[in-house]
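Start counting the sequence shown at 188; every next residue gets the next number (our numbering).
Heads up, the beta-carbon is just placed ideally off N, CA and C, and yes, glycines get one too.
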Amino acid sequence: MGQGALLCSTFQAITIHPPILICFLCSKHPSSAVTTTHQTQMVRFFSYVTAISFLFFLQLLSYSLAARPAPTPSEMATETLNATWHNFSKFLDAPRGSQLLGMSDLKLYFHRFGYLLPKRKINTTVTFSDEFDEEFESAVVEYQKRLGLETTGKLDKDTMETIMAPRCGMSDAAVHPSPAGLTKQLHTTQHFSYFYGKPRWTRPSPINLSYAFSPDHTLDYLTSKQVKAAFAAAFARWAAVIPVSFHPTEDYRSADVTIGFFKGDHGDGEPFDGVLGVLGHAFSPENGRFHLDASERWAVDLSEEKSKVAVDLESVATHEIGHVLGLAHSSVKEAIMYPSLKPRTKKVDLRIDDVEGVQALYGSNPNFKLSSLYESDMYSNGTRTTTLTYLNRHFLLLLMMLLLIVIRQ
């Protein structure tokens, strides 16, 4: 057997039983010179493999640490949760059939966002029991489907974290599903949705909408210039993908879109709930009302704002403008139209799901190229998988190169 063939068979055996192989070679090649040569080659080979394997392990470890699980609801600091919603953490992993004090409040949450119908009303007030019953389990399943979570029907960690996260005040249920016949490019799936009836702005083309800020409902810690800049950037993101433009006006009463910061019950039937919880809401076309909770700590630059409960103004504005245009919530977590946003998070880039949804209503801006967004989304959603695949391939390539080196020696 030639040296190359011997070492090829040797390599196959090394990967399974290296000690046995050494004994086997010694018995097959009594010559001490041959035996010593092969032993030296194998020792050198294993030293290379060990070193590379260690480096590869360190690289994988860095990715696993970067992707470590988020804190459980019980570990989350209560100062970064809504005063009411943080109490929901006690329902983590609650079994079906259990009776838990305060479960009725969690059911009211599900009712508010369109997942649970009340069985009874007392003086027009909706009430629920504290039992984790079959109806509530079905509501949890529906919630998990619409929020892109694993559908277990249980109040597991991911579900509870999503429930307790700050979010948009618009219901998840009042939607018109995306058209099934829409072309699916690059095997993507559309999860965007619309309000009932698919309302849209029906102005003569090209559509030009005006927006104005309430002179009476403002913030005292952000300047008018800062607020207007954040909104101008948010409106521009949508205008870049559809043939709709937006322009500011000082005439609040006649503006198409009216923006203001309000607290508590402010007369639209959708009262705000204080710090975090519901961040804001905006109504479907052609209503134009756009309200933000003045109790939040709004930020235009998170690097300068130190509050743990700071909410990025441009991120929420971009989301609510989607509602103003006619989009309801999406089940894609990366999408702008996903209903929740954690504190101190900046999320302003439209995703494929957002763009395809709004373009189905208004058509495409002729200057916008969807292909660039596909590439961006594929990179963003698959970075970790792509990187690990890259590392695996290069690890195998290094092993093959080492094998060739050993064979030629």
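Unbroken beta strand (DSSP E) run spanning residue i, endpoints
i, result
"Phe-433", "431-435"
"Gly-467", "465-469"
"Ala-281", "No beta strand (DSSP E) contains Ala-281, which DSSP labels as neither H nor E."
"Val-328", "From DSSP, Val-328 is part of no beta strand (DSSP E) but of the alpha helix (DSSP H) over 321-333."
"Leu-409", "Segment: none, Leu-409 is in no beta strand (DSSP E) and carries neither H nor E."
Closest by C-alpha distance to residue i, when choosing among the options
i, options, result
"Asp-455", "Ser-441, Pro-391 and Phe-470", "Phe-470"
"Arg-531", "Leu-293, Ser-494, Thr-445 and Ser-316", "Ser-494"
"Ser-276", "Val-496, Thr-346, Ala-442 and Gln-546", "Thr-346"
"Ala-420", "Tyr-549, Ser-285, Met-290 and Val-535", "Val-535"
"Ala-427", "Phe-278, Ser-291, Thr-271 and Arg-538", "Arg-538"
"Trp-485", "Ser-380, Tyr-408 and Pro-305", "Tyr-408"
"Thr-314", "Trp-425, Leu-293 and Asp-460", "Leu-293"
"Leu-336", "Tyr-525, Ala-547, Val-542 and Leu-557", "Tyr-525"
"Gly-461", "Phe-449, Asn-474 and Ser-482", "Ser-482"
"Tyr-383", "Ala-515, Phe-459, Gln-413 and Ser-291", "Ala-515"
"Gly-284", "Asn-274, Tyr-296, Ser-316 and Glu-348", "Ser-316"
Residue range of the unbroken alpha helix (DSSP H) whose run includes residue i
i, result
"Asp-292", "290-299"
Under the three-state DSSP convention, the category residue i falls into
i, result
"Ile-616", "Only positions 188 to 596 of the chain appear in this structure, which leaves residue 616 out of reach."
"Arg-255", "The predicted position of Arg-255 is uncertain, since its pLDDT is 38 and thus under 50; a value taken from the coordinates is nonetheless stated next. Coil at Arg-255, not helix or strand."
"Ile-637", "For residue 637 there is no data in the structure shown, the boundaries of the chain being 188 and 596."
"Gly-368", "At Gly-368 the pLDDT is 39, less than 50, meaning the model places this residue with poor confidence; the figure from the coordinates comes in the next sentence. Three-state DSSP puts Gly-368 in coil, outside helix and strand."
"Val-428", "coil"
"Val-487", "coil"
"Arg-307", "strand"
"Glu-501", "helix"
"Ser-551", "coil"
"His-378", "coil"
"Phe-275", "helix"
"Phe-449", "strand"
"Phe-400", "strand"
Proximal residues to residue i (C-beta, below 6 Å), its chain only, five neighbours per side dropped
i, result
"Ser-358", "Phe-300 and Gly-301"
"Pro-472", "Pro-386, Arg-387, Trp-388 and Gly-513"
"Trp-425", "Ile-508"
Other residues of its chain near residue i: CB distance less than 8 Å, five sequence neighbours each side excluded
i, result
"Glu-507", "Cys-355, Gly-467, His-468, Ala-469, Phe-477 and Leu-479"
"Pro-553", "Pro-430"
Proximity test, residue i beta-carbon vs the ligand FAD heavy atom, cut-off 7 Å
i, result
"Pro-282", "Within the structure as shown, the ligand FAD is missing, as the structure has no ligands at all."
Cβ-based neighbour list, residue i, same chain, cut-off 7 Å, excluding 5 preceding and 5 following
i, result
"Gly-464", "Asn-269, Thr-271, Trp-272 and Pro-353"
"Gly-475", "Asp-443, Val-444, Thr-445 and Val-511"
Validate contact between the stretch 426-442 and the stretch 395-409 using beta carbons, cut 8 Å, 3 pairs: Yes: the two stretches touch, three or more of their Cβ pairs being nearer than 8 Å.
Any 3 or more C-beta pairs closer than 8 Å across the stretch 495-507 and the stretch 328-340: Flag = no, the stretch 495-507 and the stretch 328-340 do not touch.
Any 3 or more C-beta pairs closer than 8 Å across the stretch 441-450 and the stretch 519-528: No: fewer than three Cβ pairs fall under 8 Å.
Stretch-stretch touch, CB-based, cutoff 8 Å, three pairs: the stretch 318-328 with the stretch 481-494: They do not touch, by the three-pair rule.
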